[in-house]
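Some notes on the structure that comes next.
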Amino acid sequence: MRGVGRLHVLVGSAPGGGGAVEDLARLALRGGADVIQLREKRRTTRERIAAALALSRLCREAGARLVVNDRLDIAIAADAGGVHLGIEDLPISVARALLGPDRLIGASARTAREAEAAMWAGADYIGAGPVYATGSKADAGDPIGVGGLAEIAAAVEIPVVAIGGITVERVGELLGAGAWGIALIEAVAQAPDPEGMVRLLRGALQAKQPGGEHAR
Numbered sequence: 001m002r003g004v005g006r007l008h009v010l011v012g013s014a015p016g017g018g019g020a021v022e023d024l025a026r027l028a029l030r031g032g033a034d035v036i037q038l039r040e041k042r043r044t045t046r047e048r049i050a051a052a053l054a055l056s057r058l059c060r061e062a063g064a065r066l067v068v069n070d071r072l073d074i075a076i077a078a079d080a081g082g083v084h085l086g087i088e089d090l091p092i093s094v095a096r097a098l099l100g101p102d103r104l105i106g107a108s109a110r111t112a113r114e115a116e117a118a119m120w121a122g123a124d125y126i127g128a129g130p131v132y133a134t135g136s137k138a139d140a141g142d143p144i145g146v147g148g149l150a151e152i153a154a155a156v157e158i159p160v161v162a163i164g165g166i167t168v169e170r171v172g173e174l175l176g177a178g179a180w181g182i183a184l185i186e187a188v189a190q191a192p193d194p195e196g197m198v199r200l201l202r203g204a205l206q207a208k209q210p211g212g213e214h215a216r
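The sequence shown begins at 1 in UniProt numbering and counts up by one.
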């Protein structure tokens, strides 16, 4: 099993440009994030590669992984630890052929059927959600709820990482539904103390599901 990690933090430019992507990633890593996912929709390809290279270095120094959302070419250019693909992105089998056997491939899913298809195609983990309502993705669709998350977790034999509207208080409920880990955007990016928030989330994960963590 490739190390999936239980605490994923997504980073990207804030509306209006700029966005201290590296600064946020650095704080998240200090707080104990296992995976930093670069989800960058606003910059040029060159700017995205530069950001990915910087994040790749930060993640290596912290013993964590960088995963690039959607863009396999940028993941390869930055020597990232993996890629996360949506339903309409590059086929997982093609990504695996280009990435090789050792890098992570995550796949988004809203239903058990989508999750099963991604697993059989070769995904290492499922990003399931949005579990709760979220304002961070305009195209996220309606929440699947904890019930939808539980159906996905029961349908696959690979780790399920819950995303969408997650807070510290909801971690126990998510793990109880079968999630292996959590992925966050707003909860960390909008926190007054992002590093402290990640520490709280890490503590909640360890308290509710101690031990047995996959290697990074």
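Cβ atoms here follow ideal geometry from the backbone N, Cα and C, with glycine treated the same way.
Asked                                                                                                      : Found
Touching by the beta-carbon criterion (3+ pairs, under 8 Å), the region 189 to 201 and the region 46 to 61 : no
Counted within 10 angstroms of its Cβ, other Cβ atoms place L205 as buried (16 or more) or exposed         : buried
Sequence-distant residues of its chain with Cβ nearer than 7 Å to E40 (five each side left out)            : G12, S13, R48 and A51
Assigned exposure category for Q190 - 16 Cβ within 10 Å defines buried                                     : exposed
Backbone CA spacing between A28 and V35 [nearest angstrom]                                                 : 9 Å
Contact set for R202: own chain, Cβ-Cβ below 7 Å, skip 5 residues either direction                         : L7, G31 and G32
DSSP three-state assignment for Q206, whether helix, strand or coil                                        : helix
Segment limits, beta strand (DSSP E) that includes A162                                                    : V160 to I163
C-alpha distance - K208 paired with I166, whole-angstrom precision                                         : 15 Å
Contacting residues, own chain, Cβ-Cβ under 7 Å from S93 (five flanking each side not counted)             : A121 and G122
According to DSSP, residues forming a beta bridge with Q190                                                : Per DSSP, none; premise fails for Q190.
Where R124 falls, given that 16 or more other Cβ within 10 Å makes a residue buried                        : The question names Arg, but residue 124 is Asp in the sequence shown. Per the 10 Å Cβ criterion, buried.
Beta carbon of S56 nearer than 8 Å to that of D79                                                          : yes
Distance between I152 and T111 (C-alpha atoms, nearest Å)                                                  : 6 Å
Contact set for R22: own chain, Cβ-Cβ below 8 Å, skip 5 residues either direction                          : In the sequence as displayed, the identity of residue 22 is Glu instead of Arg. A51, A54, L55 and L58.
Segment limits, beta strand (DSSP E) that includes V9                                                      : L7 to V11
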